[in-house]
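Engineer: Residue numbers (our numbering): 501 to 826.
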Ligand SMILES: [Zn+2]
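#1: Which residues are close to ligand 1, meaning CB closer than 7 Å to any heavy atom, in chain order?
#2: Taking only the alpha-carbon atoms, compute the straight-line gap between residue 693 and residue 706 and give it to the nearest angstrom.
#3: Just to confirm, are residue 530 and residue 663 a CB contact at a threshold of 9 Å?
#4: Is the segment 554-563 in contact with the segment 678-689, if contact means three or more CB pairs nearer than 8 Å?
#5: Comparing C-alpha positions only, which one of 577, 588, 668, 586 sits nearest to residue 597?
#6: Alpha carbons only, please: which of 618, 554, 825, 786 is nearest the one belonging to residue 720?
#7: What are the boundary residues of the beta strand (DSSP E) that includes residue 805?
#8: One question on the structure: do residue 618 and residue 550 come within less than 9 Å of each other, judged by their Cβ atoms?
#9: Closest to residue 814 by C-alpha separation, out of 734, 655, 729, would be which residue?
#10: Since residue 678 sits in a beta bridge, which residues does DSSP pair it with?
#11: So who's on the other strand from residue 661, going by DSSP bridges?
#12: Identify, in the order they occur along the chain, each residue of the same chain with its Cβ nearer than 6 Å to the Cβ of residue 643, setting aside the five sequence neighbours on each side.
#13: Report the partner residues of residue 761 according to the DSSP bridge assignment.
#14: Does the count of Cβ pairs from the segment 795-812 and the segment 728-746 closer than 8 Å reach three?
#15: Label residue 714 either buried or exposed according to how many other C-beta atoms from any shown protein chain fall within 10 Å of its C-beta, with 16 as the threshold for buried.
#16: Enumerate, from N- to C-terminal direction, the unbroken beta strand (DSSP E) stretches of 3 or more residues contained entirely within the segment 582-656.
#17: In or out: residue 699 buried (at least 16 other Cβ within 10 Å) or exposed?
#18: Starting from residue 509, trace the beta strand (DSSP E) both ways and give me its first and last residue.
#19: Under 6 Å Cβ to Cβ from residue 516, same chain only, skipping five residues before and after it: list those, please.
#20: Please report whether the beta-carbon of residue 757 lies at a distance below 9 Å from any beta-carbon of chain D.
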C-alpha cells in the first residue's frame, strides 16, 4: 500500500519519505502508539518502499516485491511475536532472527525485521538484541512496535529512532472503516467509540452498541431540570461499572462534539446516522452551553479515571446536562 493510504500520520510519513529519498533511513526504529493506530501498516509500507523496484520513496503496489509484501510472503521480512501460548518473546526467537539476518537477502536489497509487541521480549532476549540494533548484519532494517516505550530497557530505547503515533481521530477511523468495506451505518456507529484505534473499532459489537446508543439518546432527550427524576433515572439506568461508564462518557463526548460542530455551522458530523437526535442536542441548548458541557464531560471522564464513584459523577453530570435546556 502506498504512503497515501496511511491516514492521520502526515508528519511521520513525511519524515520517513525524506529519509528514503536521501538514503538515510535509521537502522532501528521504535514505533510507539496504541494497537490499531497505524504502526504496523506504516512499518510494512516503509519496508515496501525500501524494497520497491519502481519508486525511490514509496510503494508502487504493483512490482513483484510490493505484491509479495502485500500478500504477506516476502522471504526477506522476518516478523517476531510471542509464540502461541507463550507470554514472552524468547531469546531463541531472537537468535533465529539474528541468524536469518546474517544470511544474504534472497531478493531484496537488504533484510527487514518487525518485532511486535517489543515490550514482550524477555530481558535476555532484549539484551541479546542490543548489538544487532547498533550494527544490524547486512544493513538490515529493524522496527520495534510498542504500546509504551517506557516498558522497554533504556538500552534498547536509546539504540532506536523513536517515532510516536498519536491515536487516530474519529474521522480517520471512519474513513479507514469505510475503505475496509464496513457498511457506512456501522462504521459511523463504532468510529466514535474506538478511542483512535482501528483494531478496537473492528472489535466493537455493533448490535449492543446500537441499543446502548439509542438508550443514551432517549434519556438525553428526556432530561429536564423541572422533573428531577429524569436526571436521577438517567444516571441510574446508564451508570455501570467503571469501564461501562467510561464507554458511556466516550459516547456522550462524541455526541456533544458533533453538536458543537453543528452549532459552529459545520455540517460534517461523525454520528451521521442519528443526525436528528444530534441536531436536537445542538438546538435545545445554546452554543456556549454545549461547549461548556463538552468540557464538563471531559472532566467527568478524568474524575472517573481517577476512581471517582461512577454513579455520583453521573448524577452531577446529568444535572448539568439538564440545566439550561430550552
Ligand atoms: Zn513496488
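A virtual CB, placed ideally from N, CA and C, is assigned to each residue, including glycine.
Structural biologist: Inspection of the coordinates gives the following:
#1: 548, 552, 553, 554, 555, 559, 560, 561, 562, 563, 565, 566
#2: As a working mapping, residue 693 is identified with position 193 in the chain shown. As a working mapping, residue 706 is identified with position 206 in the chain shown. Whole-angstrom Cα-Cα distance: 10 Å.
#3: Working through the chain shown from its first residue, we reach residue 530 at position 30. Working through the chain shown from its first residue, we reach residue 663 at position 163. Yes. Within cutoff.
#4: no
#5: Counted from its first residue, the chain shown places residue 597 at position 97. Minimum Cα distance to residue 597 is reached at 577.
#6: The residue given as residue 720 occupies position 220 in the chain shown. Nearest of 618, 554, 825, 786 to residue 720, Cα basis: 825.
#7: For the purposes of this step, residue 805 is taken as the residue at position 305 of the chain shown. Where residue 805 is concerned, there is no enclosing beta strand (DSSP E), although the alpha helix (DSSP H) it sits in stretches over 787-805.
#8: Mapped onto the chain shown, residue 618 falls at position 118. Mapped onto the chain shown, residue 550 falls at position 50. Taking 9 Å as the Cβ cut-off, residue 618 and residue 550 do not qualify as a contacting pair.
#9: Residue numbering aside, residue 814 sits at position 314 when the chain shown is read from its first letter. Residue 734 is the option with its Cα nearest to residue 814.
#10: The residue you call residue 678 lines up with position 178 of the chain shown. Paired residue(s): none; residue 678 is not in a bridge.
#11: Translated into positions along the chain shown, residue 661 becomes position 161. Beta-bridge pairing links residue 661 to 529.
#12: Taking the first residue of the chain shown as position 1, residue 643 is located at position 143. Excluding sequence neighbours, residue 643 sits near 529, 543, 614.
#13: Locating residue 761 in the chain shown gives position 261, where the first residue counts as 1. Bridge partners of residue 761: none, in fact.
#14: yes
#15: Translated into positions along the chain shown, residue 714 becomes position 214. Its Cβ having fewer than 16 others within 10 Å, residue 714 is exposed.
#16: 612-615, 641-646
#17: Counting from 1 along the chain shown, the entry for residue 699 is found at position 199. Exposed: under 16 other Cβ atoms inside 10 Å.
#18: In the chain shown, residue 509 corresponds to position 9, counting from 1. Looking at the DSSP string, residue 509 is not in any beta strand (DSSP E), and its letter there is neither H nor E.
#19: The residue given as residue 516 occupies position 16 in the chain shown. 546.
#20: Among the chains in the structure shown there is no chain D, since it carries only a single protein chain.
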